[in-house]
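Participant:
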Amino acid sequence: MSDGPPRDNLTGGAWLIADMALNIWALSIVKALGLGYPAAQLVFLRAAVGLVLIAPWVWRRRAAFRNLDDLHIHALRVGLSVITLTASFFAISRVPLALFTAMNFTRPLVTMIMAAGILGERIGPRRWIAAGVALIGVVIAVDPSAAPLGAGVAALMVVILTGSGAIIATRRLRPAPEIVMMAFYTGGLAAVTGPIAAWLWVPVAAGHWLPLLAVGVFSQVAQFCFLRAHYNGEAGFLSVLSYLSLILSVGVGFFVFAEVPTGRFAMGAVLVVAAAGWVTWRVRRDAPAP
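For the sequence shown, the numbering used here begins at 666 and goes up steadily by one.
1. Jot down the residue ranges of each uninterrupted alpha helix (DSSP H) in the region 737 to 797, minimum 4 residues, whole runs only, in chain order.
2. M822: buried (16+ other C-beta within 10 angstroms of its C-beta) or exposed?
3. How should F883 be labelled, buried or exposed, when 16 other C-beta atoms within 10 angstroms of its C-beta is the threshold for buried?
4. Which residue from F889, N897, V886, G933 puts its Cα closest to that of Y908?
5. Report yes if the C-beta distance between V857 and V747 is below 8 Å; otherwise report no.
6. Out of A756, L741, L745, which one is the CA nearest neighbour of Y702?
7. Identify the continuous alpha helix (DSSP H) that holds R836 and give its terminal residues.
8. Express the C-alpha separation of T776 and I788 in angstroms, rounding to a whole number.
9. Could you tell me how far apart the beta carbons of L878 and V714 are, in whole angstroms, since I believe they sit closer than 8 Å?
10. What residue from V925, A939, V935 has the CA that sits closest to R762's CA?
11. F920: which of S693, V708, R792, R727 sits nearest, CA to CA?
12. Using alpha carbons as the reference points, say which of R791, F922, V915 lies closest to F930.
13. Under a three-way DSSP split, which group does E924 fall into?
14. Are T751 and A704 touching if we call contact CB-CB under 8 Å?
15. Can you tell me whether DSSP reads Y896 as helix, strand or coil?
16. Tell me, to the nearest whole angstrom, how far the beta carbon of A712 is from that of A831; I am working on the premise that it is less than 8 Å.
17. Are the Cβ atoms of A848 and V723 separated by less than 8 Å?
18. How would you label W680, buried or exposed, when you count the other beta carbons within 10 angstroms and need 16 or more for buried?
19. With 16 other CB atoms within 10 Å as the buried threshold, where does A954 fall?
20. I'd like the list of long-range same chain contacts for V760, defined as Cβ closer than 6 Å, with 5 residues on each side in sequence excluded.
21. Within the same chain, show all residues whose beta-carbon is closer than 7 Å to that of R672, passing over the 5 residues directly before and after it, in chain order.
22. If we call anything under 8 Å between Cβ atoms a contact, is V824 one with S910?
23. Would you please verify whether the beta carbon of R742 is less than 8 Å from any beta carbon of chain D?
Put into structure tokens, the structure is as follows:
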């Protein structure tokens, strides 16, 4: 039995959509500028900005850090998150945005399996079907076999495994206050990547400071949205809904990187939206009347 109030998938889904939008903009900045800087340096800058943003909140809520439980799970989550974010920043600068998004769509499936096996959550047949339909849509929209293999693809595989593990760790820490989760995550990123960033540091161009600092702002707010999403929603529902980030990626790719969607991509995107919309409709239809 889990602690906390009952799950509310509609509220969790709204938080997840906000998280996806902010993260895509942050990753777009990293994609545009990332080849010029080590991934660890970008992660450290992101974490440093985050620490500044949450410092007043940490001070006001300092009582929440007393007598903390599950410190080993906090440490595991931080370790997995450091690997995930560093590998993600490394990969996004080296692979097409479409391939980056498509391969990340395997993370919800891994998370669903982990949620069933580790957390004991029941993943109903409708969600498995919806996940399968969405995955077929991804395969139609983007052909991963057409892209050259390399370090970027290898880094993406690491992102999939460690990112799914970090999500499960987050769900095990559901009773922990958001400020504790955010402080451990952001402080852990800064502590681990700080020495590596200092060693590999590349001077930041004057025109790059503002967008790189914006990465930290977007990412920190997105992390809060992510925590609220997984606090409120079930892993299986959120996993399927996360396929909507494909549509957000198309918009950013078109308007920012001049990537024109093909007919094949549009066909796959329809399946993705249909699967996510169907699950959302089922939740709304089955929700008890107020």
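Ideal placement from N, C-alpha and C gives every residue a C-beta, glycine not left out.
Facilitator: Let's see:
1. Whole alpha helix (DSSP H) segments, 4+ residues: 762 to 769, 771 to 779.
2. It is exposed - the Cβ of M822 has fewer than 16 other Cβ atoms within 10 Å.
3. Here F883 is buried, its C-beta having at least 16 other C-beta atoms within 10 Å.
4. Restricting attention to F889, N897, V886, G933, the CA atom closest to the CA of Y908 is found in G933.
5. V747 is positioned such that its CB atom lies closer than 8 Å to that of V857.
6. Here the closest residue by C-alpha is A756.
7. 816 to 837 is the span of the alpha helix (DSSP H), which, as asked, contains R836.
8. For I788 and T776, the distance between alpha carbons rounds to 11 Å.
9. Indeed they touch by this definition, with Cβ atoms about 5 Å apart.
10. Sequence inspection shows Leu at residue 762; the Arg mentioned does not correspond to that position. Scanning V925, A939, V935 for the CA closest to the CA of L762 turns up V925.
11. Selected option, being the one with the closest Cα: S693.
12. If we check each option's Cα against that of F930, V915 comes out closest.
13. DSSP places E924 in coil when its eight states are reduced to three.
14. Contact: yes.
15. In this structure, Y896 counts as helix in the three-state DSSP scheme.
16. Cβ atoms of A712 and A831 stay farther apart than 8 Å, at about 15 Å.
17. Closer than 8 Å, so yes.
18. Around the beta carbon of W680, 16 or more other beta carbons lie within 10 angstroms, which makes this residue buried.
19. A caution first: A954 carries a pLDDT of 47, below 50, which makes its placement in the model too unreliable to give a value.
20. Contacts found: G817.
21. The residues are N897, G898, E899.
22. Between V824 and S910, the C-beta gap is not smaller than 8 Å, which leaves the two residues out of contact.
23. Of the protein chains in this structure there is only one, and it is not chain D.
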